[in-house]
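First up is the structure itself, then whatever we jot down about it.
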Amino acid sequence: MAVNKCIKYLLFVFNLLFWMSGCIILGVSVYLKVNPVFGGLLPGLNLLISVGTIITVLGFLGCFGAVRESRVLLMLFFVGLLLIFILLMIVGILGAVGLKKFEEWLTEQLLPLSNQSSLFQTFMQKLEEQAKCCGLIHGPSDWGSTVPVSCDCHDTSQECKLADGRRKVYLRPCIKLVTSVMAKGTFITLGIAFGIAGLMIFGMAFAMTLFCQIGETYTTLT
Numbered sequence: 060m061a062v063n064k065c066i067k068y069l070l071f072v073f074n075l076l077f078w079m080s081g082c083i084i085l086g087v088s089v090y091l092k093v094n095p096v097f098g099g100l101l102p103g104l105n106l107l108i109s110v111g112t113i114i115t116v117l118g119f120l121g122c123f124g125a126v127r128e129s130r131v132l133l134m135l136f137f138v139g140l141l142l143i144f145i146l147l148m149i150v151g152i153l154g155a156v157g158l159k160k161f162e163e164w165l166t167e168q169l170l171p172l173s174n175q176s177s178l179f180q181t182f183m184q185k186l187e188e189q190a191k192c193c194g195l196i197h198g199p200s201d202w203g204s205t206v207p208v209s210c211d212c213h214d215t216s217q218e219c220k221l222a223d224g225r226r227k228v229y230l231r232p233c234i235k236l237v238t239s240v241m242a243k244g245t246f247i248t249l250g251i252a253f254g255i256a257g258l259m260i261f262g263m264a265f266a267m268t269l270f271c272q273i274g275e276t277y278t279t280l281t
């Protein structure tokens, strides 16, 4: 039985796209890691870098294995895809149920805001001006004794309070805006993750089909 050329080149194209996606994931995660604003605030970056590296390596193995019709590389590719598929399912489930712990993590890592880097404080102040809020979790008290001018209450329709006995500041914290953005980002990420998982099923099916066809071809020849 000859190797099906259609499956062979479909697997090659799939792995080429898979390799490109791994390069993109790796590049973006490394950029965020070295970024002074987000580098110390996103705890999953090291895992993301690892996943991007693994996907890049697996994509290369799959491409090379398909072109060379190597059963060893195809089996390594299949096992690697299976492991990543299982990890994606675990991460997806944990991400869906772990959003509730996000506020606790913010409280532990980011408060008081006055102790954070100047870049992050600038980011927070721009957010406060645009969203008409103050602080992150509890309100103005998140800044400690010095509340920045970005919290000054200029919108009379919003709930405000006196700060320092002289000026009014927004009472509403920014956590609702942050968590809503995080929730949307989480659902989008989960959708992408499950979409990739679905593609992985096709990749594993193609790899195993080609693996079996190569084995049958060698058996026929011998």
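When you line the sequence shown up against this note's numbering, it's residues 60 to 281, in that order. C-beta atoms are modelled at their ideal positions from N, C-alpha and C, and glycine is treated no differently. These figures come from a predicted structure and were not determined experimentally.
By Cβ distance below 7 angstroms, which residues in the same chain neighbour residue i in space, the five residues on each side in sequence not counted?
i, result
"residue 217", "191, 229, 231"
"residue 124", "132, 133, 136"
"residue 78", "115, 118, 119, 122"
"residue 219", "212, 227, 228, 229, 230"
"residue 180", "172"
Note down the Cα distance separating residue i from residue j, rounded to an integer number of angstroms.
i, j, result
"residue 208", "residue 239", "25 angstroms"
"residue 71", "residue 88", "26 angstroms"
"residue 272", "residue 74", "18 angstroms"
"residue 126", "residue 81", "20 angstroms"
"residue 145", "residue 168", "30 angstroms"
"residue 226", "residue 105", "43 angstroms"
"residue 215", "residue 188", "14 angstroms"
"residue 236", "residue 198", "13 angstroms"
"residue 261", "residue 66", "11 angstroms"
"residue 185", "residue 64", "56 angstroms"
"residue 210", "residue 257", "46 angstroms"
"residue 76", "residue 203", "49 angstroms"
Who pairs with residue i in a beta bridge, going by DSSP?
i, result
"residue 229", "219"
"residue 15", "A question about residue 15 goes unanswered here, because the residues of the chain that appear run from 60 up to 281."
Sorted by chain position, which residues of the same chain lie with C-beta nearer than 8 angstroms to residue i's C-beta, five sequence neighbours on each side aside?
i, result
"residue 108", "85, 88, 89, 92"
"residue 69", "265"
"residue 270", "130, 133, 134, 137"
"residue 143", "110, 113, 114, 117, 259"
"residue 205", "173"
For my contact list, residue i and residue j are in at a C-beta cut-off of 8 angstroms; report their separation, rounded to the angstrom.
i, j, result
"residue 267", "residue 140", "About 10 angstroms separates the two Cβ atoms, so there is no contact after all."
"residue 172", "residue 201", "5 angstroms"
Using a Cβ-Cβ cut-off of 6 angstroms (strictly less than) and excluding sequence neighbours within five positions of residue i, which residues of its own chain qualify?
i, result
"residue 213", "none"
"residue 193", "187, 199, 210, 228, 229"
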